[in-house]
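As they're listed, the protein sequences go chains A and B.
Quick note: the first sequence uses the working numbering, first residue 426, plus one each step.
Quick note: the second sequence uses the working numbering, first residue 426, plus one each step.
Using N, Cα and C, we set each Cβ at its ideal position, and we do this for glycine too.
Please read these numbers as outputs of a predicted model, since none were measured by experiment.
Data block below; observations after.
2 protein chains.
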Amino acid sequence: MSDNGVEKPQKLYEQIKQYLLDGIASGQWPDGSRIPSEHELMEVLGASRMTVNRAVRELSADGLLNRVQGLGTFVRAQVPRSALLEIYDISEDIQRRGNVHKSQVLLLEAIRADEALASAFMLRRGAKLFHSEIVHFENDVPVQFEARFVSPRFAPEYLNQDFTQQTSNRYLQGIAPPSEVEHIVHAVRPDERAQALLEIGPHEPCLQVERRTWTEAGPATRSVLTHPGSRYSLGSRYAVADWNAKKGG
Amino acid sequence: MSDNGVEKPQKLYEQIKQYLLDGIASGQWPDGSRIPSEHELMEVLGASRMTVNRAVRELSADGLLNRVQGLGTFVRAQVPRSALLEIYDISEDIQRRGNVHKSQVLLLEAIRADEALASAFMLRRGAKLFHSEIVHFENDVPVQFEARFVSPRFAPEYLNQDFTQQTSNRYLQGIAPPSEVEHIVHAVRPDERAQALLEIGPHEPCLQVERRTWTEAGPATRSVLTHPGSRYSLGSRYAVADWNAKKGG
DNA sequence: CTGATTAAGTTGTATATACAATAGGGGCAT
DNA sequence: ATGCCCCTATTGTATATACAACTTAATCAG
């Protein structure tokens, strides 16, 4: 029955936001240029000023626009967003650099939770958990060793996937986005297994990201991502929230 | 909303936000509890519903509250916010853990920019730059070696500060918040100077954060923060944007 | 007792209106 | 030409109102 046209966010202020985003993306309003005033947008879009105002204000709070009282609203030049914060996929990351991603699945199995895992996943000791170990290559050079535990309740079909075709991260994202994510970054010495898999010496420092996700139902995944320090770093660049610039940002 | 005698941040919706923040901080509304409805807040605060709605909506967008249509608004349990994203101050960080922060200023000088620095700060070669080197201690154990270059245009009085009293980071924040911040995290082996200052061996991996800030006028600061991997890690935990929880979050 | 309906309370969205605050330009008097 | 004032355009804040969407509890019919 529902022939939902899909592209309609229904909410008027969301439509206006999308309209503005489209105009920015298309280059209709380049960086630093002025977009139509609230009054003009009212007439073009047939919405009230309050609604237009809300849309523009939210985009401004998100750092995409820059408003100056008495002058107008300007497109704020965008900088690349944080790779640490967003749910990032190493495959995309590598491809964005124009390199070739390949992965090798070392392990994909069901295990029984020991004491530590059981408490981390809020399960009883001996409960079933899925476990995977994957090495990711950038142009045939190993750049990440990914060890992950997954709650079967969250991803019952985890063992039946081919993670050389689709990144495990992307697969898990597809099931259900987590409600909460935690990242902890360490600098560590690689253990012997990591040394062998990443083809590095015992004294090569490694960037290790502990990643944990939760859904409303409880803990979902727990991963340890180990990268050779010489081949990988994490970056984040962003504009501060209360930024107040002169005309045109 | 007539003459309430208190100090006014002027904007009514900001006052309401502050009122709610105070109530949360004081424990009047514990984590997960319901705060008064918009209607109740209207009567208590003497504001219109639209204004109350804006205040609550913005706090909700910031992740401090959790709204459920038809049910109410709940205090969202706060998890430590990203130390990587926010402009964080190591002194606060240490004190939050209940430990004692101390710092030692090794260097505080003016230098002339070499080729690399000049281009990074968009200055001519040989231009004046400020340079500082500070070691931070947590309970007398060194945890951070901070090397920083600062544009004199941004902080003309940088050399006249006592950074054992006030963190250099906090001082710079006080001058003018940067409009843009970049963080890059590496895992590196410490050089000899870092080994000595941080009292670590040559094979102890270090977490190194490169931090750069900009203002509207151009590049402002460039810092390298080196931490012993065994004594320091960076964490970030956050709720995803479209999070939708059940009652009480 | 069970199931459906109704009612009340709460948040979500949209509008019309009013006035305040700010920036810039034009015009006027000196 | 210079400085001052005023007018206009634009964004910022605040209110009153209306209806929609959702959740829970109460009510009613069988």
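The stretch 592-659 of chain A contains, as complete alpha helix (DSSP H) runs of 4+ residues, the segments 593-600 and 617-623 (chain order). At least one CB of chain B lies nearer than 8 Å to the CB of residue 614 of chain A. Short of 7 Å from the beta carbon of residue 497 of chain B, and not among the five residues preceding or following it, lie these beta carbons of its own chain, in chain order: 459 and 462. Taking CB atoms only, residue 644 of chain A has no neighbour in chain B less than 8 Å away. Chain-order list of chain A residues neighbouring residue 630 of chain B: 612, 613, 614, 630, 631 and 654, by C-beta distance under 8 Å. For residue 516 of chain B, the CB contacts under 6 Å within the same chain, skipping 5 residues up- and downstream, are 526 and 592 in chain order. Taken through DSSP and simplified to helix, strand or coil, residue 492 of chain B comes out as strand.
Here DSSP, grouped into helix, strand and coil, assigns residue 557 of chain A to strand.
Residue pairing by DSSP leaves residue 464 of chain B without any beta bridge partner.
The beta carbon of residue 502 of chain A sits closer than 6 Å to the beta carbons of 456 from its chain, once the five residues preceding and following it are set aside; these are given in chain order. Within chain A, 609, 610 and 611 have C-beta atoms less than 7 Å from the C-beta of residue 658 of chain B, given in sequence order. In the structure shown, residue 476 of chain B falls within a helical segment according to DSSP collapsed to helix, strand and coil. Between residue 535 of chain B and residue 548 of chain B, the C-beta spacing is not below 8 Å. Judged by beta-carbon spacing, residue 623 of chain B lies beyond the 8 Å limit of residue 571 of chain B, meaning their Cβ atoms are not closer than that value.
Of the candidates A/531, A/648 and A/632, the residue whose Cα lies closest to the Cα of residue 587 of chain A is A/531.
When rounded, the separation of the alpha-carbon atoms in residue 544 of chain A and residue 628 of chain A is 33 Å. Residue range 437-450 is occupied by the alpha helix (DSSP H) that includes residue 448 of chain A. Of the other Cβ atoms in all chains shown, 16 or more fall within 10 Å of the Cβ of residue 653 of chain A; this residue is therefore buried. Bridge pairing for residue 535 of chain A: A/555 [DSSP].
The alpha carbon of residue 604 of chain A has as its nearest neighbour, out of A/640, A/656, A/580 and A/633, the alpha carbon of A/640. Judged by DSSP secondary structure, residue 571 of chain A falls within the beta strand (DSSP E) whose first and last residues are 566-575.
It is roughly 40 Å from the alpha-carbon of residue 465 of chain A to the alpha-carbon of residue 546 of chain B. For residue 525 of chain A, there is no enclosing beta strand (DSSP E), as DSSP gives it neither H nor E.
Of A/618, A/620, A/606 and A/581, the smallest CA-CA separation from residue 596 of chain A is found for A/581. Under DSSP, residue 549 of chain A shares a beta bridge with no residue. Where residue 497 of chain B is concerned, the enclosing beta strand (DSSP E) starts and stops at 497-500. Taking all protein chains shown into account, residue 553 of chain B has fewer than 16 neighbouring C-beta atoms within 10 Å of its C-beta and is therefore exposed.
Between residue 646 of chain A and residue 575 of chain A, the C-beta spacing is below 8 Å. DSSP lists A/527 and A/567 as the bridge partner or partners of residue 562 of chain A. When DSSP states are grouped into helix, strand and coil, residue 459 of chain B belongs to the strand group.
Per DSSP, reduced to three states, the secondary structure at residue 580 of chain B is coil, with no helix or strand assignment.
The DSSP-derived three-state label of residue 514 of chain A is coil.
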